[in-house]
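J.: In this note's numbering, the protein residues as written are 12 to 460. Virtual Cβ for every residue (Gly too), placed ideally from N, Cα, C. Nothing here was measured: the structure is a model prediction, and the numbers come from that model.
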Ligand SMILES: [Zn+2]
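(1) Looking at the unbroken alpha helix (DSSP H) that takes in residue 280, where does it start and where does it end?
(2) State the DSSP-derived secondary structure class of residue 103, mapped to helix, strand or coil.
(3) Looking only at its own chain, which residues have a Cβ that is under 7 Å from the Cβ of residue 332, when we skip the five neighbours before and after it?
(4) Can the beta-carbon of residue 453 be found closer than 8 Å to that of residue 442?
(5) How about residue 133 and residue 99: are their beta carbons less than 8 Å apart?
(6) Just grab the DSSP bridge partners of residue 194 for me.
(7) Hey, would you say the C-beta of residue 323 is under 7 Å away from at least one heavy atom of ligand 1?
(8) Is there contact here, the stretch 15-29 with the stretch 54-67, by at least three beta-carbon pairs under 8 Å?
(9) For the alpha helix (DSSP H) that contains residue 370, what are its first and last residues?
(10) Residue 350 and residue 80: beta carbons closer than 8 Å?
(11) So, are the CB atoms of residue 427 and residue 409 less than 8 Å apart?
(12) Are the stretch 251-259 and the stretch 324-338 in contact at 8 Å, needing three or more beta carbon pairs?
(13) Could you give the residue range of the beta strand (DSSP E) that holds residue 404?
(14) Figure out for me which residue from 85, 122, 389 has the closest Cα to the Cα of residue 74.
(15) Cβ atoms of residue 145 and residue 113: under 8 Å apart, would you say?
(16) Within 10 Å of its beta-carbon, does residue 176 have 16 or more other beta-carbons around it, so buried, or fewer, so exposed?
(17) Beta-carbon separation of residue 301 and residue 282 under 8 Å?
(18) Taking its Cβ as the centre, do 16 or more other Cβ atoms sit within 10 Å of residue 163, making it buried, or is it exposed?
(19) Just the Cα atoms here: how many angstroms apart are residue 396 and residue 41?
(20) Does the distance between the C-beta of residue 103 and the nearest non-hydrogen atom of ligand 1 fall short of 7 Å?
(21) Under 8 Å, do residue 66 and residue 352 count as touching if we go by C-beta distance?
(22) Counting only runs of 4+ residues fully inside the stretch 49-96, write out the alpha helix (DSSP H) ranges in chain order.
(23) Can you list, in chain order, the residues of its chain whose CB lies under 6 Å from that of residue 340, leaving out five sequence neighbours each side?
(24) Please classify residue 30 as buried or exposed, where buried requires at least 16 other C-beta atoms within 10 Å of its C-beta.
(25) Quick one: Cα of residue 407 to Cα of residue 312, how far?
(26) At a cut-off of 7 Å, would you count residue 280 as near ligand 1, judging by its Cβ distance to the nearest heavy atom?
(27) For the candidate residues 391, 431, 137, whose alpha-carbon lies nearest to that of residue 27?
(28) Taking the straight line between their C-alpha atoms, what separation do you get for residue 122 and residue 116?
(29) Per the DSSP calculation, residue 132 is bridged to which residue(s)?
(30) Does any heavy atom of ligand 1 sit closer than 7 Å to the C-beta of residue 73?
(31) Identify whether residue 264 lies in helix, strand or coil by the three-state DSSP scheme.
(32) Please name the residue, chosen from 274, 235, 358, 434, that lies closest to residue 263 on a Cα-to-Cα basis.
(33) Is it true that the CB of residue 191 sits closer than 8 Å to the CB of residue 229?
(34) Since residue 437 sits in a beta bridge, which residues does DSSP pair it with?
(35) Could you name the residues of the same chain whose beta carbon sits closer than 7 Å to that of residue 179, not counting the 5 residues immediately before and after it, in chain order?
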């Protein structure tokens, strides 16, 4: 079989950034070797000073397909992913129709994805109010884990679970051994805060922030940690926004509870203080909080309390952002960032002394581990899929609509100057993105657990 060597001065492996070559045979990495050891018969691809990182894995994406492909869809989400350096997306079980809460719905999703994906994908199964008996069947059908909400998810059709409903589902989740990903906000603190917000101006971000207090996250996380202690299931907190929870999460981990934590690029980059009046593009839940909170989240990444960074790419048709009226109460909450998450993270991380090794750990290895594919995805190492990104860490660019690639080019990042450009993305040894082009047919497939 044709042997190829992808060489650069900066190849990112878990222990080093060094001059090296990826030796690729077919769709797998055969070895990572010193440039001087490249066999003479290998076809050479020299990327010079550009870095080669493992293909990024996004364990939190809303593709909305089937059923709401006008919001996003497999073609556009995976195109944006390829342009952003992602080679595997794990799709959330809601906002699509049907929601992925039973095996028949999973099969509908598989049919919708067929032949339309530029990168590989997987599907989380949903845990809702009335499907405890579907949980093990979904696991047998190949999902890597489950997602549930402790609060209304912003759209009808995917029910939240109350604490009793959660407790009814947990023995089933625990039997699968797979992680339960939880949107950790409880309704009571939000209802109570909102009730005190009569006659306020909903075009102010501050109003929205007050309506989603940190206590909603904190009380949810406390309840989940105690359930985790009791039912012994792998618990994953999605999109942590409040840094106030870090102390308890740190303690839970030292106690040995199987808990992992994620945050998102928007919580690590944007700050409440700078969100303009009426700018509903910045609305997401839980909300973007203060600058001081942002710095504490970075500290959580530094000390390992936060394991990974996922985008929570959650697009909608532009009309649902209600940009004309600028109302934070009625606008859709969700920020799409698949195509620019790596530059956003690199811009922030490099200022704080982190390296590309850290980014690869947060955005590739740790999410691959969460999605039970750590032996195939998430590292540049022998035997792994030849999924990698060619990244120019020094080049700057301004975010423009033509660089977004997802279905509706709306973004709170438009006009920002960011550092780091994705030059090319390879999926299982084949180029799926290169300098604004998407060569070849869509070759992305479902990666089943
Ligand atoms: Zn989400």
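T.: Inspection of the coordinates gives the following:
(1) Counting along the chain, the alpha helix (DSSP H) containing residue 280 begins and ends at 276-280.
(2) Of the three classes helix, strand and coil, the one that applies to residue 103 here is coil, per DSSP.
(3) Taken in chain order, the residues that qualify are 291, 292, 342, 343, 421.
(4) When the beta-carbon positions are compared, residue 453 and residue 442 stay at least 8 Å from each other.
(5) Against a cut-off of 8 Å, the Cβ pair of residue 99 and residue 133 comes out as a contact.
(6) Residue 194 is bridged to 160.
(7) Residue 323: yes, Cβ under 7 Å from ligand 1.
(8) Judged by Cβ distances under 8 Å, the stretch 15-29 makes contact with the stretch 54-67, as three or more pairs qualify.
(9) Bounds of the alpha helix (DSSP H) holding residue 370 are 367-371.
(10) Cβ atoms of residue 350 and residue 80: not closer than 8 Å.
(11) Taking 8 Å as the Cβ cut-off, residue 427 and residue 409 qualify as a contacting pair.
(12) Under the 8 Å Cβ criterion, the stretch 251-259 does not count as touching the stretch 324-338, having fewer than three qualifying pairs.
(13) Counting along the chain, the beta strand (DSSP E) containing residue 404 begins and ends at 399-409.
(14) Nearest option by C-alpha distance: 85.
(15) Yes, these two residues count as a Cβ contact at 8 Å.
(16) Classification of residue 176: buried, given that the 10 Å Cβ count is 16 or more.
(17) Yes, they are a contact pair.
(18) Counting the other CB atoms within 10 Å of its CB gives residue 163 a total below 16, which places it among the exposed residues.
(19) Between residue 396 and residue 41, the C-alpha separation is close to 9 Å.
(20) Distances from the CB of residue 103 to the heavy atoms of ligand 1 include at least one below 7 Å.
(21) Taking 8 Å as the Cβ cut-off, residue 66 and residue 352 do not qualify as a contacting pair.
(22) List check, alpha helix (DSSP H) in window: 85-95.
(23) Contacts found: 213.
(24) Residue 30 is exposed by the Cβ-count criterion.
(25) In this model, residue 407 and residue 312 are separated by some 24 Å (Cα to Cα).
(26) Short note on residue 280: C-beta not closer than 7 Å to any heavy atom of ligand 1.
(27) Answer by Cα proximity: 391.
(28) Between residue 122 and residue 116, the alpha-carbon positions lie close to 10 Å from each other.
(29) Partner(s): 100, 457.
(30) The answer is yes for residue 73.
(31) Helix.
(32) Per the Cα distances, 235.
(33) Result no, Cβ atoms of residue 229 and residue 191 do not sit closer than 8 Å.
(34) Paired residue(s): 399, 442.
(35) Taken in chain order, the residues that qualify are 143.
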